[in-house]
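Right, one structure below, let's go through it.
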Amino acid sequence: MAEVRAPHVYLAKIQGDSMVGAGIYDKDLIVVDRSRTAEHGEVVVAALNNSDPMCKRLYMMNGVVKLQSENSAYQTRHILEGDNLVIWGVVTFNLHRHGKA
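Residue numbers (the UniProt record's numbering): 1 to 101.
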């Protein structure tokens with residue numbers, strides 16, 4: 001399992017359903033590794049233009065960068081010249097409760 005006690009690893013609680021297609025659900029806990037460099041197609045925690053952090057899939061191809069939800073009810077966020085995109089870390093695991101809380 002993930003080394004959650006490492007100083008570069010943290011847990012975050014998901015709010016919302018934008019990543020259900022990736023198996024990440026509302027109120028799940030995600031394990032985020034700040035030491036990893038995000039690569040194309042990975043799920044990341046990111047902030048865009050000083051927004052609250054969000055969990056999205058990162059796409060970087062042919063000079064195009066975007067943050068994609070895994071739920072068609074949400075729009076893709078295209079990163080434009082002048083935008084301030086900060087990747088807080090790469091999601092390495094998610095913890096999902098099964099059954100009643």
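Virtual Cβ for every residue (Gly too), placed ideally from N, Cα, C.
Check, Outcome
"L95 versus V31: straight-line alpha-carbon distance, rounded", "8 Å"
"Which listed residue (V9, G99, Q68, V65) has its alpha carbon closest to that of R36", "V9"
"Y25 - containing beta strand (DSSP E), residue span", "Per DSSP, Y25 belongs to no beta strand (DSSP E) and is neither H nor E."
"Candidates S72, W88, V45, of which the one nearest G21 by Cα", "S72"
"Cα-Cα separation, Q15 to C55", "9 Å"
"Buried versus exposed call for M19 [16 or more other C-beta atoms within 10 Å across all chains shown]", "buried"
"Segments of 3+ residues assigned as beta strand (DSSP E) that fall wholly inside the UniProt domain \"Peptidase S24/S26A/S26B/S26C\" (5-91)", "9-13, 29-33, 43-48, 54-61, 64-68"
"Distance CB(D33)-CB(G89) smaller than 8 Å", "yes"
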